[in-house]
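Residue numbers (the numbering used here), protein chains in the order written: chain A, 460 to 664; chain B, 460 to 664; chain C, 460 to 664; chain D, 460 to 664.
1. For residue 547 of chain B, which residues of its own chain have a beta-carbon under 6 Å away from its beta-carbon, when the five flanking residues on both sides are left out?
2. Give a yes or no on whether the minimum CB-CB distance between residue 552 of chain A and chain B is below 8 Å.
3. Do you know how far the Cα of residue 465 of chain B is from the Cα of residue 485 of chain B?
4. Just reading off the alpha helix (DSSP H) that residue 550 of chain A is part of, what are its end residues?
5. One question on the structure: do residue 584 of chain D and residue 480 of chain D come within less than 8 Å of each other, judged by their Cβ atoms?
6. Shorter than 8 Å from the beta carbon of residue 490 of chain D to some beta carbon of chain A?
7. Around the C-beta of residue 487 of chain B, are 16 or more other C-beta atoms found within 10 angstroms, so that it is buried, or is it exposed?
8. Return no unless some Cβ of chain A is closer than 8 Å to the Cβ of residue 484 of chain B.
9. For the stretch 523 to 543 of chain D, which residues have a beta carbon sitting closer than 7 Å to at least one beta carbon of chain A?
10. Just the C-alpha distance for residue 631 of chain B and residue 592 of chain C, rounded to the nearest angstrom, thanks.
11. Alpha helix (DSSP H) containing residue 614 of chain D: first to last residue?
12. Taking residue 483 of chain A as the reference, which of B:558, B:579, B:656, B:568 has the closest Cα?
13. If you drop the 5 nearest sequence neighbours on each side, which residues of the same chain put their C-beta closer than 7 Å to that of residue 654 of chain B?
14. Is DSSP giving residue 656 of chain B helix, strand or coil here?
15. To which residues of the same chain is residue 649 of chain C closer than 8 Å at the C-beta, ignoring the five residues directly before and after it?
16. When burial is assigned at 16 or more other CB atoms within 10 Å of the CB, is residue 552 of chain C buried or exposed?
17. Between the C-alpha atoms of residue 664 of chain C and residue 619 of chain D, what's the straight-line distance to the nearest angstrom?
18. Contact between the stretch 562 to 581 of chain B and the stretch 605 to 624 of chain B is defined here as three or more beta-carbon pairs at a separation below 8 Å; is this criterion met?
19. At what residues does the alpha helix (DSSP H) containing residue 566 of chain B begin and finish?
20. What is the rounded straight-line gap between the Cα of residue 638 of chain C and the Cα of residue 493 of chain A?
21. Is any beta-carbon of chain A found at less than 8 Å from that of residue 573 of chain B?
22. For the stretch 534 to 545 of chain A against the stretch 559 to 572 of chain A, are there 3 or more C-beta pairs whose distance is under 8 Å?
23. Kindly list the residues whose CB is nearer than 6 Å to the CB of residue 499 of chain A, restricted to its own chain and excluding five residues on each side of it in sequence; keep chain order.
24. At a CB-CB cut-off below 7 Å, which residues of chain C make contact with residue 477 of chain B?
25. Is the Cβ of residue 614 of chain D closer than 8 Å to any Cβ of chain A?
26. If contact means a Cβ-Cβ distance below 9 Å, which residues of the stretch 604 to 628 of chain C contact chain B?
27. Can you find a CB in chain B that lies within less than 8 Å of the CB of residue 635 of chain A?
28. Within the 8 Å Cβ cut-off, does residue 480 of chain A reach chain D?
29. Quick check on DSSP: helix, strand or coil for residue 496 of chain A?
30. In terms of alpha-carbon separation, which member of B:586, B:617, B:633 lies closest to residue 600 of chain B?
31. DSSP on residue 584 of chain A, reduced to helix/strand/coil?
32. Do the CB positions of residue 507 of chain C and residue 569 of chain C come within less than 8 Å of each other?
33. What does the Cβ neighbour count give for residue 515 of chain B, buried or exposed, with the cut at 16 atoms within 10 Å?
34. Given that residue 567 of chain A touches chain D, what residues does it touch there, using C-beta distances under 8 Å?
35. Using the DSSP secondary-structure output, state which residues sit across from residue 537 of chain D in a beta bridge.
36. For residue 647 of chain A, count neighbouring Cβ atoms within 10 angstroms of its own Cβ and tell me buried if that reaches 16, exposed if not.
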């Protein structure tokens, strides 16, 4: 492996996991069973009833894609590796890989009276994801910084601070979701759209 | 990451998504249930009834493979990156990743009396795909061109114009599919075969 | 993209497809439903009844892995590209990607009285695979050879000849499978084990 | 392909397989069917009943991730290739790719009276995995060492010895699992956590 990029295989492995997690989401959206469809109108209605699935799919798609963009940006700051950094990446991948489960749960239960467990779990995975980012930046910063240069160190520190903010916000969401699941679900959607816009603007600097 | 190819990780990620979307298609073609098969002839007949599934599978396979070839050709024109370009790629991937759903819908409903919603949705995804290509070329061309040289800029502009043509044609298909779903489905098949031949001849120049 | 390896993205894409096709095979082996299991012995018996699934899984795993090894070996001979070569690779990937379907069919029907369609289809996919290899070598050899040097050209020609032999053998298998499905299934298994040994010995030269 | 890294495509292919195997695990954790859920409390209870699935998922996730880390570390020792080495990698991938099946079996049967077959099978796959690592190190060490230098040879020999230890331990686990399945399942969990800690400490040297 070229010494110029010690993390190229880690990148390739993570890219694979992100790409598969993104692509697998669609297989949980099932087509309407043909036995229940007697007219063309039935099929249009059945497709409309997939709205919660589409909402959950798009939300998780955005989360995974932004996570990949951030991962891509983060690894550009790094030119060394360590076991702690590799295992922090493994934990981050764990929080990505599990997403199809809470996504399917959200699709099924968001617009029912029992939405709370689905939204709490979904927010809890976001909490774990924020923890994984904090651990990843921590492993990149100490004991020996893996960052390329001083500027990269500052960017990594800013990323770690964002991680703590995310941790606080998602924990609050997870708690509020016990009482206001639908509101929290849409709040999570709004937060990720803000992260999307923020991500674009920060990286354009 | 080597500065000589700033998009190598974006390429790797997109390759992963295209490859997985291509490979996942087959899992929606289910084998005939053994309870319904009493003679060898039953099994031959059951396999023949998979024809709509095979048609939809091949159409989507061709779409995804050509999209990958075009993506491969497009990224060869580019040697810089921007947030808008990365997110335009994300939107393109979204329009690829969702394809298994309309493909399965087409398999199930193409030769029924309720084919319209399936074909409209399939054409609508093609519309979104055309929009994604337009956005991707737009992000590659301005405000600061990401293209390698003047020749690459001209090729990207031609690609953008093709995107507008595709947008017009697929929008028309989506509208016509409300009344003539089967005809539009075969028209879409014919269009993609033309894109296939066009793609080969253009790239051979 | 580095000009030193014009096919690196094609390789990455094909690697992805081979890797996914290989890994998806296992999801067609379903665990025994817990409702049918009353004693530990029931579970042991249920696992034994998975033998046809395991046979089909291993056969397809070997086919895909050997195809990847051969693809890897073939692309080492090549240092140029052409549209025909890219599309020949696409057709090869098609014959790999569809394999989970005949594999599942073989699992379900190999040891029933209606094995013929399953084995005929499985052999037919092997026929298509042989045709794909012939097209791929043909695209590599003419009109302008894409091969690195004279020695690579000779190896590619030998590969093409092997493709014609494979085409003849699998066509014969597909025809014989109408009358002797089980025998042909085991013959196919034996052929691929020979290809395995042959592949090792040839490449070790 | 750059001569500086003859194994780059093997690495990419293996990365793909590891990444997909890791990501596919989640699709075997099914969400509770909405027909069985009448109150929010029902859904909380149904999620709690997923504990065996989560245990099996996490165990297999850890196994696959550590295997990838070890594979990554092993291929850094190597700068040549051989057919035996490639096919040993293929066998290793086989033992990774099959993991979703014993994982699903463990999820379903771990806390029933018929856990023995599930745990025996799970341990048996670990036995095969240990054998694959021994074959891989053997292929790397002889007849002609593929290792970079003397230090890499020593590390590879240590890896091979670990493989023999793993073989002995998992064989014992597989045998004991006939009588004490639950205890062995938790022992396997404990062993992999030890491997995790060992892997970090060794690589940090």
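Yeah, the Cβ is synthetic: ideal placement off N, Cα and C, and Gly gets one too. It should be emphasised that the depicted structure is a prediction, and the values quoted were computed from it without experimental measurement.
Taking the coordinates as given:
1. What you label residue 547 of chain B is simply residue 88 of the second chain in a count that begins at 1. Answer for residue 547 of chain B: 594, 595, 598, listed in chain order.
2. Position 93 of the first chain, counted from the start, is the residue given in the question as residue 552 of chain A. It does not: the Cβ of residue 552 of chain A has no partner Cβ on chain B nearer than 8 Å.
3. Counted from its first residue, the second chain places residue 485 of chain B at position 26. Counted from its first residue, the second chain places residue 465 of chain B at position 6. As the crow flies, the alpha-carbon of residue 485 of chain B is around 34 Å from that of residue 465 of chain B.
4. The residue labelled residue 550 of chain A in the question sits at position 91 within the first chain. That run of the alpha helix (DSSP H) goes 542 to 556.
5. Looking up residue 584 of chain D in the fourth chain gives position 125. Looking up residue 480 of chain D in the fourth chain gives position 21. In this structure, residue 584 of chain D sits away from residue 480 of chain D, with a CB-CB distance that is not shorter than 8 Å.
6. Within the fourth chain, residue 490 of chain D is the residue found at index 31, counting from 1. Closer than 8 Å: yes.
7. Position 28 of the second chain, counted from the start, is the residue given in the question as residue 487 of chain B. Burial call: buried.
8. As a first step, residue 484 of chain B must be located in the second chain, where it is residue number 25. Among the residues facing chain A, residue 484 of chain B is not included, as its CB has no counterpart in that chain under 8 Å away.
9. Result list: 524, 527, 528, 531, 535.
10. Looking up residue 631 of chain B in the second chain gives position 172. Looking up residue 592 of chain C in the third chain gives position 133. Looking at the two C-alpha atoms, the distance is approximately 39 Å.
11. Position 155 of the fourth chain, counted from the start, is the residue given in the question as residue 614 of chain D. Here the alpha helix (DSSP H) through residue 614 of chain D covers 609 to 635.
12. As a working note, residue 483 of chain A is residue 24 in the first chain. It is B:558 whose Cα lies nearest to the Cα of residue 483 of chain A.
13. Position 195 of the second chain holds residue 654 of chain B. Short of 7 Å from the beta carbon of residue 654 of chain B, and not among the five residues preceding or following it, lie these beta carbons of its own chain, in chain order: 525.
14. What you label residue 656 of chain B is simply residue 197 of the second chain in a count that begins at 1. Helix.
15. The sequence position of residue 649 of chain C within the third chain is 190, counting from 1. Excluding residues within five positions, none has a Cβ falling inside 8 Å.
16. Residue 552 of chain C sits at position 93 when you count from the first residue of the third chain. Taking every protein chain shown into account, the CB of residue 552 of chain C has 16 or more other CB atoms within 10 angstroms, so this residue is buried.
17. The residue you call residue 664 of chain C lines up with position 205 of the third chain. The residue you call residue 619 of chain D lines up with position 160 of the fourth chain. Interpretation of residue 664 of chain C is limited by its pLDDT of 42, a score under 50 that renders its predicted location unreliable; the figure taken from the coordinates is listed afterwards. Near 27 Å, if we compare the C-alpha coordinates of residue 619 of chain D and residue 664 of chain C.
18. Segments in contact, no.
19. Numbered from 1 along the second chain, position 107 holds the residue referred to as residue 566 of chain B. It spans 559 to 568 - the alpha helix (DSSP H) in which residue 566 of chain B sits, taken as one unbroken run.
20. Along the third chain, read from residue 1 onward, the residue named residue 638 of chain C stands at position 179. Along the first chain, read from residue 1 onward, the residue named residue 493 of chain A stands at position 34. Rounded to whole angstroms, residue 638 of chain C to residue 493 of chain A spans 36 Å at the Cα level.
21. In the second chain, the residue the question calls residue 573 of chain B occupies position 114. Yes - at least one Cβ of chain A is within 8 Å of the one on residue 573 of chain B.
22. With the rule of 3 Cβ pairs closer than 8 Å, the stretch 534 to 545 of chain A does not count as touching the stretch 559 to 572 of chain A.
23. Here the question's residue 499 of chain A lines up with position 40 in the first chain. Apart from the 5 residues on each side of it in sequence, residue 499 of chain A has no Cβ closer than 6 Å to any other Cβ in its chain.
24. Numbered from its first residue, the second chain carries residue 477 of chain B at position 18. Going along chain C in sequence order, the residues near residue 477 of chain B (Cβ under 7 Å) are 472.
25. Position 155 of the fourth chain, counted from the first residue, corresponds to residue 614 of chain D. For residue 614 of chain D, the answer is no, since every Cβ of chain A falls outside 8 Å of its Cβ.
26. Of all residues in the stretch 604 to 628 of chain C, none comes within less than 9 Å of chain B when Cβ atoms are compared.
27. The residue labelled residue 635 of chain A in the question sits at position 176 within the first chain. For residue 635 of chain A, the answer is no, since every Cβ of chain B falls outside 8 Å of its Cβ.
28. Start at 1 with the first residue of the first chain, and residue 480 of chain A comes out as number 21. Yes, residue 480 of chain A lies at the interface with chain D (some Cβ there is under 8 Å from its Cβ).
29. Sequence index remark: in the first chain, residue 496 of chain A carries index 37 (1-based). Looking at residue 496 of chain A - three-state DSSP - the assignment turns out to be coil, as it is neither helix nor strand.
30. Within the second chain, the letter at position 141 stands for residue 600 of chain B. The candidate whose alpha carbon is nearest that of residue 600 of chain B is B:617.
31. Taking the first chain and counting its residues from 1, one reaches residue 584 of chain A at position 125. Here residue 584 of chain A sits in helix by DSSP.
32. Taking the third chain and counting its residues from 1, the one referred to as residue 507 of chain C is at position 48. Taking the third chain and counting its residues from 1, the one referred to as residue 569 of chain C is at position 110. With respect to the 8 Å criterion, residue 507 of chain C and residue 569 of chain C are not classified as neighbours on the basis of their beta carbons.
33. The sequence position of residue 515 of chain B within the second chain is 56, counting from 1. Counting Cβ neighbours within 10 Å, residue 515 of chain B comes out buried, since at least 16 surround it.
34. Along the first chain, read from residue 1 onward, the residue named residue 567 of chain A stands at position 108. Correct list: 490, 493.
35. Sequence index remark: in the fourth chain, residue 537 of chain D carries index 78 (1-based). Answer by DSSP bridge pairing, in chain order: D:606.
36. Numbered from 1 along the first chain, position 188 holds the residue referred to as residue 647 of chain A. By the beta-carbon neighbour count (other beta carbons within 10 angstroms, threshold 16), residue 647 of chain A is buried.
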